[in-house]
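*Asks:* First the structure, which I've put down as C-alpha cells, then a few questions once you've had a look.
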Amino acid sequence: MIHSEEEVIQEAKRLNAEEHMTDFAHPVNVKLKTFRFNAETDYLPYYKTYEMTVTKDELVLDLLNRIKWEHDGSFSYRRSCRHGICGACAIKVNGKAVLACKENAQGLIKLFGEELVIEPQSQKRAVKDMIIDKGDFWQKHADVKPFVVADVDPHPSTETLISPERNEKFLESDYCIQCGACHYSCPALEVNEDYLGPAALVSAYRFSIDPRDSATEERLELTSELGIGVWDCVKCNECVEACPKELNPLEKITKLHNMQFEQGVAKRNVATKHAEGFVRSIRKYGYLDEADIVLYSEGYLGMYKHLGTAAKMMKAGKIHWHSGVPFIDSVPKIKNLDEVQKLIEISMTNTL
Amino acid sequence: MSQLHYALFTGCTAKQSTPELLSSTLAVAEKLGIKITILEEASCCGASHLQDFDEFLAHVLNARNICYAEKLGLTMITICNTCQLNSQMTKHALDTDPKLKARVNEKLAEVGLEYRGTSEIKHFLYTLIDDYGLDKIKEKVQVPLSHLNIAPFYGCHNIRPSELHAESNNHENPYNPTSLDSLIGALEGKPVEYESKNKCCGFHVELQANHASEVLSGNALLDAMDNNADVMVTPCPLCHLKMDTYQPSISKVMGRDVELPVLHMPQMVALALGCSEKEIGLNFHVQKAKQLYLSKKG
Numbered sequence: 000m001i002h003s004e005e006e007v008i009q010e011a012k013r014l015n016a017e018e019h020m021t022d023f024a025h026p027v028n029v030k031l032k033t034f035r036f037n038a039e040t041d042y043l044p045y046y047k048t049y050e051m052t053v054t055k056d057e058l059v060l061d062l063l064n065r066i067k068w069e070h071d072g073s074f075s076y077r078r079s080c081r082h083g084i085c086g087a088c089a090i091k092v093n094g095k096a097v098l099a100c101k102e103n104a105q106g107l108i109k110l111f112g113e114e115l116v117i118e119p120q121s122q123k124r125a126v127k128d129m130i131i132d133k134g135d136f137w138q139k140h141a142d143v144k145p146f147v148v149a150d151v152d153p154h155p156s157t158e159t160l161i162s163p164e165r166n167e168k169f170l171e172s173d174y175c176i177q178c179g180a181c182h183y184s185c186p187a188l189e190v191n192e193d194y195l196g197p198a199a200l201v202s203a204y205r206f207s208i209d210p211r212d213s214a215t216e217e218r219l220e221l222t223s224e225l226g227i228g229v230w231d232c233v234k235c236n237e238c239v240e241a242c243p244k245e246l247n248p249l250e251k252i253t254k255l256h257n258m259q260f261e262q263g264v265a266k267r268n269v270a271t272k273h274a275e276g277f278v279r280s281i282r283k284y285g286y287l288d289e290a291d292i293v294l295y296s297e298g299y300l301g302m303y304k305h306l307g308t309a310a311k312m313m314k315a316g317k318i319h320w321h322s323g324v325p326f327i328d329s330v331p332k333i334k335n336l337d338e339v340q341k342l343i344e345i346s347m348t349n350t351l
Numbered sequence: 000m001s002q003l004h005y006a007l008f009t010g011c012t013a014k015q016s017t018p019e020l021l022s023s024t025l026a027v028a029e030k031l032g033i034k035i036t037i038l039e040e041a042s043c044c045g046a047s048h049l050q051d052f053d054e055f056l057a058h059v060l061n062a063r064n065i066c067y068a069e070k071l072g073l074t075m076i077t078i079c080n081t082c083q084l085n086s087q088m089t090k091h092a093l094d095t096d097p098k099l100k101a102r103v104n105e106k107l108a109e110v111g112l113e114y115r116g117t118s119e120i121k122h123f124l125y126t127l128i129d130d131y132g133l134d135k136i137k138e139k140v141q142v143p144l145s146h147l148n149i150a151p152f153y154g155c156h157n158i159r160p161s162e163l164h165a166e167s168n169n170h171e172n173p174y175n176p177t178s179l180d181s182l183i184g185a186l187e188g189k190p191v192e193y194e195s196k197n198k199c200c201g202f203h204v205e206l207q208a209n210h211a212s213e214v215l216s217g218n219a220l221l222d223a224m225d226n227n228a229d230v231m232v233t234p235c236p237l238c239h240l241k242m243d244t245y246q247p248s249i250s251k252v253m254g255r256d257v258e259l260p261v262l263h264m265p266q267m268v269a270l271a272l273g274c275s276e277k278e279i280g281l282n283f284h285v286q287k288a289k290q291l292y293l294s295k296k297g
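These protein sequence lines map, in sequence, to chains A and Z. Count the first sequence with numbering that gives the first Met the number 0 and you get residues 0 to 351, in order. Count the second sequence with numbering that gives the first Met the number 0 and you get residues 0 to 297, in order.
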C-alpha cells in the first residue's frame with residue numbers, strides 16, 4: 000500500500016507522540032541522597048538530597064549533570080568519554096559500583112526503590128564529592144608491571160603472530176578500563192591495604208599470559224607473596240559483581256593461582272599447602288578432613304595458634320573420634336570412594 | 000502439588016563439625032513433608048581452594064557429584080553456600096563449553112559416569128521459599144519466633160555472582176538481598192536491618208590472612224549486635240563456623256566483647272516448627288545458644 004506524504008507525516012507524528020507518552024507516562028520521582036564533601040573546607044562529609052523526575056532513558060550521569068546544572072554548580076564528579084570506556088565516572092549507588100555513563104537510572108530505582116544513595120567509590124579517599132584520590136589504585140597497578148616486558152627488535156621482519164586459541168587465554172582481561180569499581184568494592188583491601196586487589200591482579204594476569212612477555216615469573220612471584228598477593232583474596236565475588244565490563248576478576252585471580260603451580264613458582268607455605276591439601280583429604284575420604292587440613296597446612300609447630308579453638312570445638316562436640324583418638328580417622332568416607340581416587344589419578348594436572 | 004523430592008548434597012561440614020546442620024535440615028524436611036535422598040557418593044566440592052590448585056580436577060569432581068543427582072532425575076539441593084557456588088560454577092562451565100564438557104566426560108567415562116546437565120542445583124533456602132512457599136511454612140509454625148531479633152547473614156556464595164545464581168536464587172539482589180529476611184518474617188521473627196548482612200565473613204583466608212579474616216567477621220557480628228540482634232542466622236556452614244567458633248579470638252582483635260549466637264538457617268526453621276532439641280542440636284555451638292530453647296518457651 001502506498002501512503003501519501005501527508006499520511007507518512009501523520010504516522011510519524013503519532014509514533015513520536017506515543018513514544019513521548021511512554022517516556023513521560025511513567026516518569027519516576029527520585030530522591031538522590033548525595034554524598035557531599037570538600038577536603039579543603041569540610042571537617043566531615045554530609046548528605047544532601049535532591050529530588051527530580053527521571054525518564055526511562057536517563058543514565059546516572061544525566062542525574063549527576065542535573066544536580067550540577069539545576070541544583071548546585073559546585074557539585075563535583077569526574078566524567079569524560081560518556082560511553083563506558085574511560086572509566087572516569089565510576090561511583091557507587093546504594094553500595095553498588097556503577098559507571099555513571101552506563102547505568103540506567105530507572106533500572107537502579109527498580110533495584111533499590113525511589114531513594115538512591117549517591118556516593119564516591121571510596122569515602123575515606125574522597126577529595127571533593129564524587130572525586131576520590133585514586134593514588135593507591137595506580138600504585139598497585141604500577142607494582143605488577145602492567146606492560147609487556149620484551150626485547151623488541153626495532154626492525155622486525157615479521158609480525159608477532161598469536162593464534163586464536165592463545166588469544167582466548169586472555170579471557171578478555173585486556174578489556175579492563177581501570178575504573179576502579181572492583182578495587183573499591185573489595186573487602187580484602189578494605190581490611191588489608193597491602194593487598195594488591197582485583198584490578199592489579201587482572202593486569203598481572205593480562206601481561207603474564209602474553210606470549211611476548213618475559214616478566215611472567217617475576218609477576219607470579221610477586222602475586223604469590225603472602226600478605227599482598229592472590230592468597231589474600233577472600234573469594235567474596237564482590238569484584239565479579241562490580242566490574243562494569245563483566246571481566247570476572249576472580250576468574251583471573253584463580254588462573255594466577257593455577258599458574259603458580261603450573262610454572263613451579265608456588266612455594267610451600269600455609270596457603271599453597273591448604274589448596275593442595277584438599278587433594279590429600281579427598282583421596283583418603285572423599286570429604287575434606289577438616290582437622291587434617293589445618294594440621295597439614297600449618298605444620299605441627301603452627302598448630303599452637305589453633306589449640307584454643309580446637310579445645311572449644313572439641314568441648315562443643317564438633318570434633319569426632321570414631322577411632323577412640325581425636326583427629327585420627329575421624330572422618331566418614333563417601334560411597335564409591337574408588338571412583339574419586341581414580342579420577343584424581345587421571346585428572347590431576349598440577350603438583351606442589 | 001506432588002511431594003517435593005530432592006537429592007541432598009551435604010558437603011563436608013555437615014558430615015563433620017556441624018552435624019546439627021544435617022540433623023536440622025532433615026528434621027525440617029520431614030516436618031514439611033519434603034522427601035530427601037542423601038547423595039552419599041558425593042565428594043568435597045573443593046571449597047574454592049582445590050580450584051586454586053587444580054581447576055580441572057575440581058570440575059571433574061563436581062561434575063561427578065552432579066551425575067549422581069542426574070541419575071536419580073532430581074534437583075540437587077545444597078546446604079552450604081560454597082558447595083552451591085562451586086557446583087553451580089562447574090555446571091555453568093560444562094553447559095556452556097562443549098570442549099570442557101567433553102574433556103570432563105572423557106575422565107568420568109573411566110568410572111562409568113556421564114555428565115549430561117539435566118539436574119538443577121539449588122540451595123535449600125531457595126527451595127523452601129520458591130518451591131515450598133513461605134505461606135505454607137507460615138501455616139506450619141508452632142513456636143513463633145516473635146521474641147527474637149534475628150540478623151540475617153546471607154553469605155557471599157549464595158548471592159554473588161548474581162548472574163550465575165539468578166535462576167536458582169530467584170534473582171536475589173546481591174546489594175539488597177531479601178530472601179532470608181522474608182523467611183524470618185514468615186516464622187514471625189523480627190529481621191534486623193544492618194549493613195553487613197551481604198558482606199564477607201573472611202572464612203576463606205582464616206589460615207593465611209588471619210587478621211583480615213577476624214576483622215571481617217568481627218565487623219559483621221558487631222554490626223548485628225549494635226542493631227540489637229539477639230541471634231544471627233546464616234544459610235552457610237562456613238560463615239557459621241567462622242562466626243560461631245572464633246568469637247573469643249575475634250573479640251581480642253576487635254577490642255570489644257563479641258557474643259552472639261549464630262544459627263544455621265535450617266535450625267531457625269526447625270525451632271519455629273517445633274522440632275526436637277536433639278534434631279536442632281544447639282549443643283554443638285561454641286557460642287552458647289542453648290538458651291534459645293528456653294526463650295522460645297518463655
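Backbone N, C-alpha and C define an ideal beta-carbon position, used for all residues, glycine too. All values derive from a computational prediction rather than experimental measurement.
(1) In the DSSP assignment, find the unbroken alpha helix (DSSP H) run with S279 (chain A) in it and report its ends.
(2) Mind checking I380 (chain A): buried by the 16 CB within 10 Å criterion, or exposed?
(3) Between which two residues does the beta strand (DSSP E) containing I37 (chain Z) stretch?
(4) Please work out which residues of its chain come closer than 6 Å, Cβ to Cβ, to I8 (chain A), disregarding the five sequence neighbours upstream and downstream, and give them in chain order.
(5) With DSSP as the reference, please indicate the residues paired to A89 (chain A) in a beta bridge.
(6) Mind the definition here: the stretch 268–278 of chain A touches the stretch 50–64 of chain Z only if three or more C-beta pairs lie below 8 Å; say whether that holds.
(7) Answer yes or no: does any C-beta atom of chain A fall closer than 8 Å to that of T244 (chain Z)?
(8) Using CA atoms only, rank isn't needed, just tell me which of A:V229, A:W137, A:F111 and A:N247 is closest to Y174 (chain A).
(9) Along the chain, where does the beta strand (DSSP E) containing T126 (chain Z) start, and where does it finish?
(10) Please classify S346 (chain A) as buried or exposed, where buried requires at least 16 other C-beta atoms within 10 Å of its C-beta.
(11) Can you give the beta carbon distance from L21 (chain Z) to I35 (chain Z), rounded, assuming they're within the 8 Å contact cut?
(12) Can you tell me whether D209 (chain A) is buried or exposed? The criterion is at least 16 other CB atoms within 10 Å of its CB, across all chains shown.
(13) What does K311 (chain A) touch in chain Z if you count any residue whose Cβ is under 8 Å from its own?
(14) Would you mind telling me which residues of chain C sit closer than 8 Å to H273 (chain A), beta carbon to beta carbon, in chain order?
(15) Could you work out which residues of chain Z lie near G94 (chain A), taking near to mean beta carbons separated by less than 9 Å?
(16) Suppose contacts are defined by Cβ-Cβ distances below 8 Å. Is A46 (chain Z) in contact with P236 (chain Z) by that definition?
(17) Would you kindly check if the distance between the Cβ of P173 (chain Z) and the Cβ of N197 (chain Z) is under 8 Å?
(18) I'd like to check one pair, Y46 (chain A) with I359 (chain A): are the Cβ atoms closer than 8 Å?
(19) Using the rule of at least 16 other Cβ atoms within 10 Å of the residue's Cβ for burial, across every protein chain shown, is D229 (chain Z) buried or exposed?
(20) Mapping DSSP to helix, strand and coil, what is H263 (chain Z)?
(21) Who are the neighbours of Q83 (chain Z) on chain A, taking C-beta pairs under 7 Å?
(22) State the start and end residues of the unbroken alpha helix (DSSP H) segment that holds N85 (chain Z).
(23) Can you confirm whether K14 (chain Z), when its beta carbon is compared against all beta carbons of chain A, has any partner nearer than 8 Å?
(24) If we count Cβ pairs, one from each stretch, closer than 8 Å, do we get three or more for the stretch 295–312 of chain A versus the stretch 330–346 of chain A?
(25) For I249 (chain Z), count neighbouring Cβ atoms within 10 angstroms of its own Cβ and tell me buried if that reaches 16, exposed if not.
(26) Name, please, each residue of chain A whose Cβ falls closer than 9 Å to the Cβ of T235 (chain Z).
(27) Closer than 8 Å, CB to CB, is C235 (chain A) near chain Z or not?
(28) Checking the sheet assignment: what are the DSSP bridge partners for R35 (chain A)?
(29) Return the bridge partner residues of H4 (chain Z) from the DSSP annotation.
(30) Classify T253 (chain A): buried if its beta carbon has 16 or more other beta carbons within 10 angstroms, exposed otherwise.
(31) Mind pulling the chain Z residues with CB within less than 7 Å of G263 (chain A)?
(32) Kindly indicate if chain A contains any beta-carbon less than 8 Å away from that of K139 (chain Z).
(33) Alpha carbon to alpha carbon, how far is G72 (chain A) from F36 (chain A)?
(34) State the Cα-Cα distance for the pair M20 (chain A) and H170 (chain Z), rounded to the nearest angstrom.
(35) Using a beta-carbon distance below 8 Å, is D135 (chain A) in contact with chain Z?
(36) Should V27 (chain A) be flagged as near chain Z, meaning a C-beta pair shorter than 8 Å?
*Replies:* So, from the data block:
(1) The question names Ser, but residue 279 (chain A) is Arg in the sequence shown. Counting along the chain, the alpha helix (DSSP H) containing R279 (chain A) begins and ends at V269 to Y284.
(2) Lying before the first or after the last residue shown, residue 380 (chain A) is absent from chain A, which here runs from 0 to 351.
(3) K34 to I37
(4) none
(5) A:L98
(6) yes
(7) yes
(8) A:N247
(9) No beta strand (DSSP E) contains T126 (chain Z), which DSSP labels as neither H nor E.
(10) buried
(11) In fact, because the Cβ distance is near 10 Å, the residues do not count as touching under 8 Å.
(12) buried
(13) T244, P247 and V285
(14) Included in the structure are the protein chains A and Z, with no chain C among them.
(15) Y174, N175, E194 and N197
(16) no
(17) yes
(18) Here chain A has residues from 0 to 351 only, and residue 359 (chain A) is not among them.
(19) buried
(20) strand
(21) The premise fails here: Q83 (chain Z) is roughly 12 Å from chain A at the closest Cβ pair, so nothing lies under 7 Å.
(22) N80 to T95
(23) yes
(24) no
(25) buried
(26) It should be noted that the sequence gives Cys, not Thr, for residue 235 (chain Z). Per Cβ cutoff of 9 Å: no residues; C235 (chain Z) is ~12 Å from chain A at best.
(27) yes
(28) A:Y45
(29) Z:K34
(30) buried
(31) Under the 7 Å cutoff, chain Z gives no residues; its nearest Cβ is about 13 Å from G263 (chain A).
(32) no
(33) 14 Å
(34) At M20 (chain A), the pLDDT of 48 sits below 50, so the modelled position is not reliable; the number obtained from the coordinates is stated separately. Answer to the nearest angstrom: the Cα atoms are 30 Å apart.
(35) no
(36) no
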